[in-house]
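These notes are about the structure you will find just below.
There are 2 protein chains.
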Amino acid sequence: MLREVPVEEAWRRKYPERTILVVSVNREGRPNIITLGWNMPTSVRPPMVAISIGVSRYSHKLISESGEFVLAFPSEGMENAILFCGTYSGRDVDKFKATGLTPIKAKYVKPPLIGEATVNMECRIASSIRTGDHTIFVGEILTAYVSEDDKPVLFNMGNCVFKGFKCW
Amino acid sequence: MLREVPVEEAWRRKYPERTILVVSVNREGRPNIITLGWNMPTSVRPPMVAISIGVSRYSHKLISESGEFVLAFPSEGMENAILFCGTYSGRDVDKFKATGLTPIKAKYVKPPLIGEATVNMECRIASSIRTGDHTIFVGEILTAYVSEDDKPVLFNMGNCVFKGFKCW
Numbered sequence: 073m074l075r076e077v078p079v080e081e082a083w084r085r086k087y088p089e090r091t092i093l094v095v096s097v098n099r100e101g102r103p104n105i106i107t108l109g110w111n112m113p114t115s116v117r118p119p120m121v122a123i124s125i126g127v128s129r130y131s132h133k134l135i136s137e138s139g140e141f142v143l144a145f146p147s148e149g150m151e152n153a154i155l156f157c158g159t160y161s162g163r164d165v166d167k168f169k170a171t172g173l174t175p176i177k178a179k180y181v182k183p184p185l186i187g188e189a190t191v192n193m194e195c196r197i198a199s200s201i202r203t204g205d206h207t208i209f210v211g212e213i214l215t216a217y218v219s220e221d222d223k224p225v226l227f228n229m230g231n232c233v234f235k236g237f238k239c240w
Numbered sequence: 073m074l075r076e077v078p079v080e081e082a083w084r085r086k087y088p089e090r091t092i093l094v095v096s097v098n099r100e101g102r103p104n105i106i107t108l109g110w111n112m113p114t115s116v117r118p119p120m121v122a123i124s125i126g127v128s129r130y131s132h133k134l135i136s137e138s139g140e141f142v143l144a145f146p147s148e149g150m151e152n153a154i155l156f157c158g159t160y161s162g163r164d165v166d167k168f169k170a171t172g173l174t175p176i177k178a179k180y181v182k183p184p185l186i187g188e189a190t191v192n193m194e195c196r197i198a199s200s201i202r203t204g205d206h207t208i209f210v211g212e213i214l215t216a217y218v219s220e221d222d223k224p225v226l227f228n229m230g231n232c233v234f235k236g237f238k239c240w
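Protein sequence lines, in the order shown, are assigned to chains S and D.
Positions 73 to 240 (the numbering used here) are the ones given, in order, by the first sequence.
Positions 73 to 240 (the numbering used here) are the ones given, in order, by the second sequence.
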C-alpha cells in the first residue's frame, strides 16, 4: 500500500547519500570548502558532473564568480571535516586551517585539491541553471585523481551519521 | 599520495549509488520505465529533483514531449526489474508487462506510480538543460508517496550488484 506523504518524508528514504566536498576560491585566491549532498554525474563524453548549491551560500558566490571548482570524495577519518565544512560559512572562517585538511595545487584550476580525499576532480563550469532555492552548476571534469591509500569513501546515512564503503 | 587517473576510474569510487526508476508516457498514454543512476534533489522550497538522461534514450523523448515523470525508489525484490528497465528500450517492449510491476494511477500526472516501489514522486518539468551526451530534467515534485511495507531501498553497488538499505 502507498501512503501520500509530505515530500521531505519521502526523501528520508534516500540514504546512503554520496557526500562531497567542493573547493572554490575567492578573487584573492583564498580557498573555501563546502559539504554537499546533492551531486551526480551528467555526461560521459565529455565527462561532466552536476552539483546543486543553495543560492545564499558563500560557495555559490565564489563558483558563480570564478567558474571553477574541485570536487572531492571524503574518505574515512574525515567525518569531522565533513560536518565542519557543512556547518560553518567560509565568510567567517578559513576551513582548510580549521579542519587541518591539506591543500594541493591543482593542474588546470585555481581551487586546490584536498590531499586527504580519496577522489579529486578538477572542474570548469560549462553551464548553470537556477532550480528553486538552489543553482545547479554543471562542471566539465578536466582531470581526476585517486588516493593510493585505498580508504573507504564516506557516505551520509542521515542524521549526521557517516559510513564508509569500498566498492572498487 | 594522489594519482592522476582517467575520469571513469575515479568514478568507480562513487558507489553505493541511489538508483531510481523513472516512469513516463507516450502520446497514447502507454507508460515506459527507465532505470537511472544519475539523480539528486535540487530544491527544498519548492521541492525539486534533477535527473540526467542520455539524449538517445526513449524516455528522453517521452519526457521532452510530455513534460512529466514519476520518480520511484526500488525496494528489495525489484533487482530483476531494475536490470530489465536499464537494459531494454521501451521502443521495443512494454516494461510494466515484462517486469510484472503494478501501475497505479497518479494524482496530478499521466505516468503511473509503481505499486511495488518504496517511494514514488509525481514530477512536472520546470526546466531542462543539455549537458554533454545527457539532458538534466528538473522536476517540481507535486506530491510523494511511501510504501507501508517498509522494505529496504535498493542501491547500485557497481557491477550490477544491488544492496538494500533502510535508514529511516
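By construction, the Cβ of each residue, glycine as well, lies at the ideal position given by its N, Cα and C atoms.
Under the three-state DSSP convention, the category residue i falls into
i                : result
Arg90 (chain D)  : strand
Lys235 (chain S) : strand
Asn111 (chain D) : strand
Ala198 (chain D) : strand
Trp126 (chain D) : According to the sequence provided, residue 126 (chain D) is Gly. The question's Trp does not apply to it. Strand at Gly126 (chain D).
Ser138 (chain S) : helix
Ser131 (chain D) : helix
Glu151 (chain S) : helix
Glu188 (chain S) : coil
Thr207 (chain D) : strand
Glu100 (chain S) : coil
Thr159 (chain S) : helix
Arg75 (chain S)  : strand
Glu81 (chain D)  : helix
is_contact[residue i, chain S] using C-beta, thresh 7 Å
i                : result
Phe237 (chain D) : yes
Ala153 (chain D) : no
Glu220 (chain D) : yes
Gly188 (chain D) : The question names Gly, yet the displayed sequence has Glu at residue 188 (chain D). No, its Cβ sits nowhere closer than 7 Å to a Cβ of chain S.
Ser136 (chain D) : no
Val77 (chain D)  : yes
Nearest-angstrom Cα separation, counted from residue j out to residue i
i                : j                : result
Leu185 (chain S) : Glu220 (chain S) : 15 Å
Phe168 (chain D) : Gly187 (chain S) : 47 Å
Phe156 (chain D) : Thr171 (chain D) : 7 Å
Leu93 (chain S)  : Ile154 (chain S) : 7 Å
Arg102 (chain D) : Asn228 (chain D) : 28 Å
Trp110 (chain D) : Asp166 (chain S) : 32 Å
Leu108 (chain D) : Ser161 (chain D) : 13 Å
Asn152 (chain D) : Ile208 (chain D) : 26 Å
Thr159 (chain D) : Val127 (chain S) : 37 Å
Asn231 (chain S) : Ile106 (chain D) : 30 Å
Val181 (chain S) : Leu74 (chain D)  : 16 Å
Thr203 (chain D) : Met112 (chain D) : 15 Å
Val242 (chain D) : Val95 (chain S)  : Nothing can be reported for residue 242 (chain D): it is not among the residues displayed for chain D, which extend from 73 to 240.
Glu212 (chain S) : Arg117 (chain S) : 10 Å
Asn104 (chain D) : Lys133 (chain D) : 11 Å
Thr114 (chain D) : Ala122 (chain D) : 6 Å
Leu226 (chain D) : Tyr87 (chain D)  : 12 Å
Ile201 (chain D) : Ser200 (chain S) : 9 Å
Residue i at chain D interface by Cβ criterion, 7 Å
i                : result
Tyr180 (chain S) : no
Asp205 (chain S) : yes
Ala144 (chain S) : no
Thr159 (chain S) : no
Val127 (chain S) : no
Ile197 (chain S) : no
Pro175 (chain S) : no
Met150 (chain S) : no
Val225 (chain S) : yes
Leu74 (chain S)  : yes
Pro184 (chain S) : no
Pro119 (chain S) : yes
Val210 (chain S) : yes
Nearest-angstrom Cβ-Cβ length linking residue i and residue j, presumed shorter than 8 Å
i                : j                : result
Cys195 (chain S) : Leu214 (chain S) : 7 Å
Ser147 (chain D) : Ala189 (chain D) : 6 Å
Phe234 (chain S) : Pro224 (chain S) : 10 Å between Cβ atoms; not a contact.
Val218 (chain D) : Arg85 (chain S)  : 7 Å
Of the residues the options, the one placed nearest residue i, counting alpha carbons only
i                : options                                   : result
Pro119 (chain D) : D:Ser200, D:Met193, D:Ile201 and D:Phe234 : D:Met193
Glu81 (chain S)  : D:Phe234, D:Ala216 and D:Pro224           : D:Ala216
Pro175 (chain S) : S:Thr91, S:Val97, S:Ala198 and S:Val233   : S:Val97
Arg129 (chain S) : S:Phe234, S:Thr114, S:Thr190 and S:Asp205 : S:Asp205
Ala144 (chain D) : S:Val79, S:Gly211 and S:Phe234            : S:Val79
Pro183 (chain D) : D:Gly139, D:Trp83 and D:Leu226            : D:Gly139
Glu76 (chain S)  : D:Lys86, D:Lys177, D:Ile123 and D:Ser199  : D:Lys177
Ile197 (chain S) : S:Asn104, S:Phe141 and S:Ser124           : S:Phe141
Ser124 (chain D) : D:Val116, D:Glu100, D:Arg90 and D:Arg117  : D:Arg90
Ser136 (chain D) : D:Ser115, D:Arg99, D:Thr114 and D:Met150  : D:Arg99
Leu173 (chain D) : D:Gly149, D:Arg163 and D:Lys179           : D:Gly149
Asp222 (chain D) : D:Ser199, D:Val191 and D:Ser200           : D:Val191
Distance cut-off 6 Å: residue i Cβ against heavy atoms of the ligand ADP
i                : result
Gly236 (chain S) : For the ligand ADP, the structure offers nothing, since it holds no ligand at all.
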